[in-house]
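J.: Okay, here's the structure, questions in a sec.
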Amino acid sequence: MVEIQGIPLIEAAGSPAAIGHAIGEQSRDRILATINLYAEIFAKPKKDVFRAADHFKSQIESFAPNLSEEISAMAEAANVDRRWLYALNARSELLSALAVGECTAVHFNGTPFLGQNWDWLEQLEDLMVLERITDTAGHTVLMLTEPGIVGKIGLNSAGIGVCLNFLPTSNPTLGVPTHIVLRHILSARTWSEIEDIIDRAGCGRSANLLIADETGRSTNIEFDGLNARPFASEQKAIAHTNHYLASDIPVAEVLFENSDARLNRARTLVEASKDSNLEELRAILSDRSDFKHPILAPYKEVPAFRGKIGTDCSIAMDLERRQMHFRRGNDPSVAFECVDILKTLSNHAEGQNHEL
Numbered sequence: 004m005v006e007i008q009g010i011p012l013i014e015a016a017g018s019p020a021a022i023g024h025a026i027g028e029q030s031r032d033r034i035l036a037t038i039n040l041y042a043e044i045f046a047k048p049k050k051d052v053f054r055a056a057d058h059f060k061s062q063i064e065s066f067a068p069n070l071s072e073e074i075s076a077m078a079e080a081a082n083v084d085r086r087w088l089y090a091l092n093a094r095s096e097l098l099s100a101l102a103v104g105e106c107t108a109v110h111f112n113g114t115p116f117l118g119q120n121w122d123w124l125e126q127l128e129d130l131m132v133l134e135r136i137t138d139t140a141g142h143t144v145l146m147l148t149e150p151g152i153v154g155k156i157g158l159n160s161a162g163i164g165v166c167l168n169f170l171p172t173s174n175p176t177l178g179v180p181t182h183i184v185l186r187h188i189l190s191a192r193t194w195s196e197i198e199d200i201i202d203r204a205g206c207g208r209s210a211n212l213l214i215a216d217e218t219g220r221s222t223n224i225e226f227d228g229l230n231a232r233p234f235a236s237e238q239k240a241i242a243h244t245n246h247y248l249a250s251d252i253p254v255a256e257v258l259f260e261n262s263d264a265r266l267n268r269a270r271t272l273v274e275a276s277k278d279s280n281l282e283e284l285r286a287i288l289s290d291r292s293d294f295k296h297p298i299l300a301p302y303k304e305v306p307a308f309r310g311k312i313g314t315d316c317s318i319a320m321d322l323e324r325r326q327m328h329f330r331r332g333n334d335p336s337v338a339f340e341c342v343d344i345l346k347t348l349s350n351h352a353e354g355q356n357h358e359l
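In our numbering, each number is its position in the sequence shown, counted from 1, plus 3.
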């Protein structure tokens with residue numbers, strides 16, 4: 004198995020069951036470790052987690068039966084109770100009330116350059132995986148995800164990319180899980196398909212989705228459990244962190260301070276950018292000039308939360324070239340490596356290309 008900065012690149016192809024089986028088989032130990040980690044974070048009796056999993060299973064089966072089939076096959080191959088994987092795929096809904104800072108996402112308007120830092124638990128830096136998935140029609144998805152979770156940050160062979168920001172809410176979040184919506188968007192081949200997916204998904208989640216395509220077209224939608232609100236882009240770019248911009252829904256003061264500082268710094272860097280290109284996007288994601296609230300965040304203890312949170316990885320995508328530029332961890336001196344959806348790996352710092 005190919006590794007990129009120590010992160011495995013898992014290949015899977017074929018029917019939903021074949022894809023799920025391949026991923027489950029190749030990431031069995033990581034899936035089990037991720038289940039154990041989230042079992043702690045959920046802080047609920049297993050019977051309550053499984054009751055929620057059964058609810059979300061029905062949501063997923065109605066919305067995207069192929070992904071339900073993939074999840075079940077993955078669970079069987081990984082030799083785990085499938086209810087744990089349904090719970091993992093609804094982890095954002097099960098944790099929607101948490102007031103913790105996570106990601107910074109940016110899209111340069113009118114360009115194919117989209118990216119974000121994924122900030123979450125320190126333990127997941129060693130567990131996360133890259134996956135390249137090709138369906139029976141030859142449509143390919145390349146994404147960074149957590150083991151057992153079928154959708155997250157990435158792009159597809161149609162030149163469509165997605166980024167994610169967690170948004171906390173006290174509203175009920177019982178709809179189609181965020182990570183299922185993300186993967187279904189990555190199954191789209193046209194903008195009209197994206198619009199249909201978002202419309203069918205409804206409002207039952209708390210998250211910000213930033214979606215763009217190779218032409219530079221983009222949309223940004225905030226979900227608060229009860230509503231789905233688009234947020235219009237600024238002049239040069241859309242930048243988003245972990246508080247609501249399309250509405251006045253408040254978030255915890257400690258979260259707002261961090262999220263607002265990262266957002267303002269990202270906007271400042273966007274305005275200072277000259278070319279709105281991939282290099283400038285990577286520079287924004289690497290910024291640590293605000294020592295207290297850096298965009299590229301070292302791991303640190305978070306009040307009222309067990310464990311350290313920081314930037315697990317940075318992702319900058321060139322949707323026109325169908326490339327993901329990936330950097331593990333939160334050291335700005337580490338070079339980005341480029342994973343091509345057409346199976347080419349290149350080290351950006353050295354300008355080399357290597358066929359996988």
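Here a beta-carbon is modelled for each residue, glycine too, at the ideal position from N, C-alpha and C. Model, not experiment: these values are computed from the prediction.
Let me know the secondary structure DSSP gives Ala242 once reduced to three states.
T.: If DSSP states are grouped into helix, strand and coil, Ala242 belongs with the strands.
J.: Tell me whether Arg135 sits in a helix, a strand or coil according to DSSP, three-state version.
T.: Arg135: strand per DSSP, three-state reduction.
J.: Could you tell me the boundaries of the beta strand (DSSP E) in which Ala210 lies?
T.: Ala210 -> beta strand (DSSP E) spans 209-216.
J.: Quick one: grab the DSSP three-state call for Asp251.
T.: Asp251 falls in the coil class under three-state DSSP.
J.: Might you give, ordered along the chain, the residues of its own chain that have their beta carbon closer than 8 Å to the beta carbon of Ala191, omitting 5 neighbours on each side?
T.: Only Asn159, Ala161, Ile163, Ile197, Ile200 meet the Cβ criterion.
J.: Use the C-beta contact count for Gly360: other C-beta atoms within 10 angstroms, 16 or more gives buried, fewer gives exposed.
T.: Residue 360 lies beyond the stretch modelled for the chain, which goes from 4 to 359, so this question has no answer here.
J.: Do you know whose CA, among Arg268, Val257, Asp227, lies nearest Ala249's CA?
T.: Cα-wise, what sits closest to Ala249 is Asp227.
J.: Measuring CB to CB, does His110 end up less than 9 Å from Ser221?
T.: Yes.
J.: By the three-class DSSP mapping on this structure, what secondary structure does Gln355 have?
T.: Any reading at Gln355 must be qualified, since the residue scores a pLDDT of 39, below 50, and its modelled position is unreliable; no value is offered.
J.: Could you pull the start and end residues of the beta strand (DSSP E) that Ala204 belongs to?
T.: Here Ala204 belongs to no beta strand (DSSP E); instead the alpha helix (DSSP H) covers 194-204.
J.: First and last residue of the beta strand (DSSP E) that includes Ser221?
T.: Looking at the DSSP string, the run of the beta strand (DSSP E) that includes Ser221 is 221-227.
J.: Along the alpha helix (DSSP H) that carries Asn92, what are the first and last residues, could you check?
T.: Taken as a continuous stretch (DSSP letters only), the alpha helix (DSSP H) holding Asn92 covers 85-92.
J.: Buried or exposed for Asp321, please, with buried defined as at least 16 other CB atoms from any protein chain shown within 10 angstroms of its CB.
T.: Burial call: buried.
J.: Would you grab the beta carbon distance between Leu288 and Ala319 for me? Rounded to a whole angstrom, and I think it's under 8 Å.
T.: Indeed, because the Cβ distance is near 6 Å, the residues count as touching under 8 Å.
J.: Do you know how far the Cα of Ile224 is from the Cα of Asn211?
T.: Distance between the alpha carbons of Asn211 and Ile224: 6 Å.
J.: Using the DSSP secondary-structure output, state which residues sit across from Asp122 in a beta bridge.
T.: DSSP, once it has assigned bridges, lists Thr314 as partnering Asp122.
J.: With Asn333 as the anchor, note down where its alpha helix (DSSP H) starts and where it stops.
T.: Run containing Asn333: none; DSSP gives neither H nor E here.
J.: Where DSSP assigns a beta bridge to Leu158, which residues make up the other side?
T.: DSSP, once it has assigned bridges, lists Leu145, Gly164 as partnering Leu158.
J.: Is the beta carbon of Cys364 sitting closer than 9 Å to the one on Thr271?
T.: Nothing about residue 364 can be reported from this structure: the residues present for the chain run from 4 to 359 only.
J.: Please determine, among Arg31, Ala56, Asn69, Asp278, the residue with the shortest C-alpha to C-alpha distance to Thr139.
T.: Ranking the options by Cα distance to Thr139, first place goes to Asn69.
J.: Output the boundary residues of the beta strand (DSSP E) element that contains Pro233.
T.: Taken as a continuous stretch (DSSP letters only), the beta strand (DSSP E) holding Pro233 covers 231-233.
J.: To which residues of the same chain is Glu353 closer than 6 Å at the C-beta, ignoring the five residues directly before and after it?
T.: Model confidence at Glu353 stands at a pLDDT of 37, short of 50, so the residue's coordinates are unreliable and nothing is read from them.
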